[in-house]
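Protein chains in written order, with the numbering used here: chain V, 101 to 579; chain D, 101 to 579.
Protein chains: 2
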Amino acid sequence: MEELEKEELQTRVLNAIKSRNAKELKEIFDTVPNIDIAEAVEEVDDVASLLYIFRVVDNEYSAEFFAELPSEQQEKIINAFTDKELIELINNSFADDIVDTLEEMPANVVSRVLKVCPKDMRKDVNTLLNFKENTAGSVMTTEYIEMRENTSVKDAIATIREKGRDAETVYTIFVRDAKRTLVGTVDLDELIFAKEDEKLEDIMNRDFVTCSVNDDQEEVANMFKRYDLNAMAVVNTENKIVGIITIDDVVDIIVEEANEDIARLNAVSSMDEPYLKTPIFKLVLKCAPWILVLMVLQVFSAMILSRFEDSIGQFAILAVFTPLIMDAGGNSGGQTTTMIVRSLSLEEFDKKDYFKVIWKEFRVAAIIGGLVSLFAFGWLMLEMSVGIISTESVIERATAMGANPYAYMSLVAALVAMTLFVTMIISRLVGCSLPFLAKLVHLDPAVVCGPITTTLVDIISLITYFLLWTQIIGPVLGF
Amino acid sequence: MEELEKEELQTRVLNAIKSRNAKELKEIFDTVPNIDIAEAVEEVDDVASLLYIFRVVDNEYSAEFFAELPSEQQEKIINAFTDKELIELINNSFADDIVDTLEEMPANVVSRVLKVCPKDMRKDVNTLLNFKENTAGSVMTTEYIEMRENTSVKDAIATIREKGRDAETVYTIFVRDAKRTLVGTVDLDELIFAKEDEKLEDIMNRDFVTCSVNDDQEEVANMFKRYDLNAMAVVNTENKIVGIITIDDVVDIIVEEANEDIARLNAVSSMDEPYLKTPIFKLVLKCAPWILVLMVLQVFSAMILSRFEDSIGQFAILAVFTPLIMDAGGNSGGQTTTMIVRSLSLEEFDKKDYFKVIWKEFRVAAIIGGLVSLFAFGWLMLEMSVGIISTESVIERATAMGANPYAYMSLVAALVAMTLFVTMIISRLVGCSLPFLAKLVHLDPAVVCGPITTTLVDIISLITYFLLWTQIIGPVLGF
């Protein structure tokens, strides 16, 4: 929605509530998506107005609308509801939405809701509340339609008509045999296309896929993407269905997992709420620890640099190029890490592909190293000869030794170029190896790789630079 | 699928093809998802075997299976197909899948396919081929079900039974009035729940949302996420429907857009094919230009450093801390850029929220700056006093001036701490402003921000460092 439309809608909604105009409010709920209305009432905080909305709108909207509200408003409403109203809300809600709501509520609200919950629902909610975060169990719901394989199409449609409204989706029907084992799925459209007297076993898909409650939600999302699913069964070890996951939840998972990769690769803790709603101190907590850890890791490069204080003191231009070398190494290692971490997340390859990857990276790195060092040599010669980078110390030295300053400059440029060649290769090999290593020891590749790659590459490139200086170029220049 | 299962399936499929065992192959297609079979035959490159598969499997699988094959295999198959076989494949395919295939084919293949295409389909395919990449038009399909608002539920279901197989989805029915204007949508489940003699206008959702052909696919994906949609109508300026987008395409868009953000924030061009399938020279092209551009930008920090060669020559420990300062600034700016770019992508806020964001960032930065500079002071004192970082030049100077070396060390640590405080604030302000600026001039925030933030922050922090040195700390130490 455009900014203007948003403001118009907000005025309209707030006016309807303020003037207690039930007809207008009903009309709004009929023609505007629930989430847009929820955003429009974001700043309404008197309980009477919030309750008014729920007393006016139809049941078919109220539960969905409730699910879209921020948790502070939800809490107020639950506290103000009579038991009867609360039960009605619960009956119109899906178990997974109730669980999402309760996860944000204080204990007394949770226990009141569970107390008024109908028995079946309470059991489902309790079960769902206990699954570990980010597992298939924690995102599944328990309201699905399951039928026997010998059900006729006609009976199946009748059952859907009767019970479908309580299910999270009727677009996928799960088919079980006499032992309650999941044997197939039927899409609703197949049911519509089929003849009335056919049996589900005649039309069901037998090439369905499933997951189990403890599977990582990221794996589940990858399966939805791979197989273009609308819904997937979550099964126990005996292949009996215990819940289902639907595509709308998967869309959220995909965004969440991508955000996590993005955040971690860039040394921020991932955001679990929108930026503008995140309190200042939480933002500090998400950022500061990384900066501090990375600073502690920087001790290594400072240590190495300080060991070569003498060389720097004698020939200060050496210090001018260290940031360039360290940055190039960090950027290059970061590129590889990014590609590999993302491919591992999307399950494009697995641990066993490591040798394929490292051989590919080696070849890529050799080419890039060649290009970069050639370019750097030319570029630095240009910068130094036109004086963009001042070369006092080089000219001084050359004069003192009675040599041509350009010859000295070209040796300095060659030193940088050689270091860059080595750095490009090492950074990519380190950058592609660490994510695999992390995966091998069951750590999140994204979280450990960025900082460690940079630190390792920094150390190696600085040592290379100063070794090439003290062993080869320095002596040539008479140091 | 586990590695082992994959290999087993591959052996089974290849054996069935090799021994021309039609029964086994049919059984495989009945019980295994198409994409898994497509992967299993990845290395089959003799045309006879590929054609054999298509001659054996049922029509209901063949088009979907074809869509999952890599384009080299698709090309071989199209070239080997008779016109009759090709027409059959086209008739069983959706227009958007045909377009996806054709986009990867050489011109002669495209023209042959278009020639045998039935007239209606040819028109649709041509239209779709002409939409700009990444727009709603380029991802929509033209096969949807549209009905008049006065259609009865009974007739609607009959129509779906008759024509539904040709539509990309029957889960959302689009409802139009006499002027062909889109007036509502009906979900298939609502149709099933409704009474046979009700009219679509009685049960349709009037709170539907739409997009237009030129909308960015990222916006479309955000709408699907926001409104939990299964399908959305793409309309022209007169609100007449011209195509639809379905959730399975949106899942791919979300992953694609997240990959793009991740890649750009980390200075890689985004990958349009899986890593292992990307040729070496393409990987070089994706990485090398960034490294070269960033190196050219590094000229600024080298320039500044070289202007202070004198200071460095006199007091080499100054060079020891420059990487630390530049890294901290780069990391901190990167954190902010990451959060803001991602929030802008997900449309969590808009341009008008800039002042809210910058005020928030300023407060966060002040706190982090305080923490980081305090920590850095203590940490550097520790490092220097235990000798992890060697302090020859400091001790030499202190001795020469007859001062306490620890007093000198603490002044150096204070210099770094003060610089860090300034750097933390500037880096976050720059890091949050640039994405907004990019958006204002219609550039992709992710692509311009990373490198420019780092360069700007590098320059500002180096200047701060050396100004504090030459103006305040240096004179105190007698330089």
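Where is the CB? At the ideal position from N, CA and C, for every residue including glycine.
Around the CB of Lys279 of chain D, fewer than 16 other CB atoms lie within 10 Å, so the residue is classed as exposed. For Asn431 of chain V, the closest Cβ of chain D is nearer than 8 Å.
For Cys387 of chain D, same chain residues with a beta-carbon under 7 Å away, outside a window of 5 residues either side, are Val368 in chain order. Apart from the 5 residues on each side of it in sequence, Val270 of chain D sits with its Cβ closer than 8 Å to the Cβ of Ile245, Ile260, Gly264 and Leu288 in its chain, given in chain order. Val286 of chain D sits away from Arg276 of chain D, with the two beta carbons spaced by 8 Å or more. Beyond the five residues adjoining it in sequence on each side, Val320 of chain V comes within less than 8 Å, by CB distance, of Ala236, Val239, Cys311, Met332, Ile345, Val350 and Ile353 in the same chain, given in chain order. Within the same chain, Cβ atoms closer than 7 Å to the Cβ of Leu418 of chain V are found at Ser411, Ile412 and Trp569, the five residues on either side in sequence being excluded.
If one requires a minimum length of 3 residues, no beta strand (DSSP E) run lies completely within the segment 433-512 of chain D.
Straight-line spacing of the CA atoms in Cys217 of chain D and Pro218 of chain V works out to 58 Å. Annotated as proximal: Thr281 of chain D and Lys340 of chain D, with beta-carbon spacing under 8 Å. Just so you know, the alpha carbons of Lys456 of chain V and Thr554 of chain D end up roughly 33 Å apart. Residues of chain V whose Cβ lies closer than 7 Å to the Cβ of Pro575 of chain D do not exist; the shortest such Cβ separation is about 20 Å. Across the set V:Phe449, V:Val113, V:Ile440 and V:Arg212, the C-alpha of V:Ile440 shows the shortest separation from the C-alpha of Ile362 of chain D. Against chain D, the beta carbon of Asn359 of chain V has neighbours under 7 Å at Arg442, listed in chain order. For Arg276 of chain V, the uninterrupted beta strand (DSSP E) segment begins and ends at Thr272 to Arg276. Of all residues in the segment 408-437 of chain V, the ones placed with a Cβ closer than 7 Å to any Cβ belonging to chain D are Glu409, Ile412, Gly413, Ala416, Ile417, Ala419, Val420, Phe421, Thr422, Pro423, Leu424, Met426, Asp427, Ala428, Asn431, Ser432, Gly434 and Gln435, in chain order. Boundaries of the beta strand (DSSP E) harbouring Ile344 of chain D: Ile341 to Thr346, taken from the DSSP string.
Counting only runs that start and end inside the segment 139-214 of chain D, the alpha helix (DSSP H) elements of at least 4 residues fall at 147-156, 159-168, 171-180, 183-192 and 195-202. Scanning the segment 350-431 of chain V from its first residue to its last, no whole beta strand (DSSP E) run of 3-plus residues comes out. With respect to Ile198 of chain D, Val225 of chain D sits close: the two C-beta atoms are nearer than 8 Å. In the DSSP assignment, Arg112 of chain D falls within the unbroken alpha helix (DSSP H) covering Glu103 to Lys118. Note: Thr337 of chain D is not bridge-paired with any residue in the DSSP secondary-structure output. The beta carbon of Asn322 of chain V lies closer than 6 Å to those of Glu447 in the same chain, with the five residues before and after it left out. Pairing Leu125 of chain D with Phe308 of chain V, the inter-Cα distance amounts to about 17 Å.
As the crow flies, the alpha-carbon of Glu139 of chain V is around 23 Å from that of Pro206 of chain V. At a cut-off of 8 Å, the C-beta of Val253 of chain D has no neighbouring C-beta in chain V. Here the segment 378-394 of chain V lies against the segment 431-440 of chain D, with 3 or more beta-carbon pairs under 8 Å apart. At a cut-off of 8 Å between beta-carbon atoms, Met240 of chain D makes no contact with chain V. Assigned with DSSP and collapsed to three states, Ala236 of chain D falls in helix.
When Cβ pairs closer than 8 Å are counted between the two stretches, the segment 418-428 of chain D is seen not to touch the segment 533-543 of chain D, the count staying below three. In the structure shown, Leu543 of chain V adopts coil according to DSSP, grouped into three states. Close to Pro374 of chain D, with beta-carbon spacing below 9 Å, are these residues of chain V in chain order: Ser443, Leu446, Glu448 and Phe449. Below the 7 Å Cβ cutoff, chain D contributes no neighbours of Gly343 of chain V, its closest Cβ being approximately 19 Å away.
Taking a cut-off of 8 Å for Cβ pairs, the segment 503-515 of chain D and the segment 453-468 of chain D do not touch, as fewer than three such pairs fall below it. A Cβ-Cβ distance of about 5 Å is found for the pair Thr241 of chain D and Ala195 of chain D, placing them in contact under the 8 Å criterion.
Contact between Tyr152 of chain D and Arg112 of chain D fails: their C-beta atoms lie close to 15 Å from each other, not under 8 Å.
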